[in-house]
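Student: The structure that follows is given in the form of structure tokens.
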Amino acid sequence: MTSNQFTTLIHEQTLELEAYAIKFTNDLDDAKDLLQDTILKAIRFYGKFEEGTNLKGWLYIIMKNTFINNYRKNIKTQSIVTQEDEISYANLMTSATKNGSETSFVLGDIKGALAKLPIHLSIPFVRYVEGYKYNEIAEQLNIPLGTVKTRIHEARKQLARMLKMYKQRMN
1 MTSNQFTTLI
11 HEQTLELEAY
21 AIKFTNDLDD
31 AKDLLQDTIL
41 KAIRFYGKFE
51 EGTNLKGWLY
61 IIMKNTFINN
71 YRKNIKTQSI
81 VTQEDEISYA
91 NLMTSATKNG
101 SETSFVLGDI
111 KGALAKLPIH
121 LSIPFVRYVE
131 GYKYNEIAEQ
141 LNIPLGTVKT
151 RIHEARKQLA
161 RMLKMYKQRM
171 N
């Protein structure tokens, strides 16, 4: 079998592979990334595929192993980062500013602006900034996904109004 024939066979499995990837990731964008990684690995190692065996099963195993390896890598990275310095909305600007006193003013203004937000907007926004995905926030707060997106969008608009002085300084 030529590599072009092999590639064609793999692309025939794309829809089923994408559905399988979504089961792993619970996120369409992450699933597409996983699918792409799987296809690239399959094409790269097509010489190891034994013709006449189950191609779909081989691809599923590649996808499962890729997902597990990526998951382990992300866990290690997160543990290294969080051991060094806990990352939260309260210290997001620390590494982005040059002056310690400027940092305290900026963080004070951000904290003040967040405190002025209604609680139904601030909680989803803070969780989003801390790295939670929309669907995770919706589950945690037991509210619909669309409501989470709307509240985060509204919080951004209100914060942009309250902190517009920083936007003007950057322009």
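When the letters of the sequence shown are read in order and numbered with full-length UniProt numbering, they come out as residues 1 to 171.
For each residue, glycine too, the CB sits at the ideal point set by N, CA and C.
(1) Is DSSP giving I110 helix, strand or coil here?
(2) Starting from D33 and walking both ways along the alpha helix (DSSP H), at which residues does that stretch end?
(3) Please work out which residues of its chain come closer than 6 Å, Cβ to Cβ, to V148, disregarding the five sequence neighbours upstream and downstream, and give them in chain order.
(4) E163 and A115: beta carbons closer than 8 Å?
(5) Taking L59 and Q13 to be in contact with their CB atoms under 8 Å, please state how far apart those CB atoms are, rounded to whole angstroms.
(6) For N70, collect the residues of the same chain with a Cβ closer than 8 Å to its Cβ; drop the 5 residues on either side in sequence, then sort them by chain order.
(7) Can you give me the C-alpha to C-alpha distance between K111 and Q158, rounded to a whole angstrom?
(8) Taking Cβ positions, are L107 and L55 nearer each other than 8 Å?
(9) Using alpha carbons as the reference points, say which of M1, K32 and G131 lies closest to M63.
(10) What distance in whole Å lies between the Cβ atoms of I152 and Y128, which are believed to be in contact at a cut-off of 8 Å?
(11) From the DSSP output, in three-state form, read off M162 for me.
Tutor: Taking the definition as stated:
(1) Under the three-state reduction of DSSP output, I110 falls in the helix class.
(2) Looking at the DSSP string, the run of the alpha helix (DSSP H) that includes D33 is L28 to R44.
(3) So the qualifying residues of the chain are P124, Y134, I137 and A138.
(4) First, the amino acid is wrong: residue 163 is Leu here, not Glu. In this structure, A115 does not lie closer than 8 Å to L163 by Cβ.
(5) Confirmed, Cβ separation roughly 6 Å.
(6) The answer, listed in chain order, is L34 and D37.
(7) Taking the straight line from one Cα to the other gives about 13 Å.
(8) Cβ distance not < 8 Å, so L107 and L55 don't count as in contact.
(9) Looking at the Cα atoms, K32 is the closest of the given residues.
(10) Taking C-beta atoms under 8 Å as the contact rule, Y128 and I152 qualify, at a distance of about 5 Å.
(11) Of the three classes helix, strand and coil, the one that applies to M162 here is helix, per DSSP.
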